[in-house]
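The block underneath contains the structure these notes are about, expressed in structure tokens.
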Amino acid sequence: QEHDHLEISENVVNELLLICSVIGSTGDGGVFVPVTDCLNWLQDLQRALRRDDDATRSIALLLGSWQVVQTKLLPIVLACQYDSALVMTVVKLLVILTKPLSGGAQKAAKLVL
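What follows is the structure in structure tokens.
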């Protein structure tokens with residue numbers, strides 16, 4: 007098959023690592039604290055996901071393996087529930103990340119998980 011392994015350029019992986027590391031962190035008392043320009047970083051993540059190959063969904067699968075939804079996106083919604091622009095951007099990301107996988111992407115997922 008043409009998609010026997012996931013191919014994500016090092017630049018894209020580094021971009022994703024940067025975004026995921028800077029959008030926010032868990033502070034004292036276990037409360038998630040998003041960065042001031044969190045919305046801009048989330049929009050960068052959204053752009054990266056739009057470039058994802060539908061056949062393999064390698065970027066979405068990589069983010070899934072990093073547990074970005076559980077450790078970053080959902081905590082952002084809980085911490086910023088009254089910031090409608092931020093919440094809507096997270097919802098858009100969740101829609102992209104939870105799209106059903108194609109047959110090729112399911113095969114690729116087995117390589118990640």
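In this text, residue positions in the sequence shown follow the numbering used here: the first is 7, and each later residue adds one.
In this text, a Cβ means the ideal position worked out from N, Cα and C, and glycines have one as well.
The straight-line gap separating the alpha-carbon atoms of I82 and L92 is approximately 8 Å. Between S108 and D60, the gap from beta carbon to beta carbon is short of 8 Å.
With fewer than 16 other beta carbons inside 10 angstroms of its own, K116 counts as exposed. By the C-beta density criterion, D34 is exposed, having fewer than 16 other C-beta atoms within 10 angstroms.
Within a 10 Å sphere around the beta-carbon of R63 sit 16 or more other beta-carbons, which makes this residue buried. From the listed residues E13, E16, L22, the smallest Cα separation to L55 is found for L22. One alpha carbon belongs to L67, the other to A85, and they sit about 25 Å apart.
The three-state secondary structure of G36, taken from DSSP, is helix.
By the 16-neighbour rule on beta-carbons within 10 angstroms, P106 is exposed. The beta carbons of V96 and L24 sit about 18 Å from each other, so the pair does not count as a contact at 8 Å.
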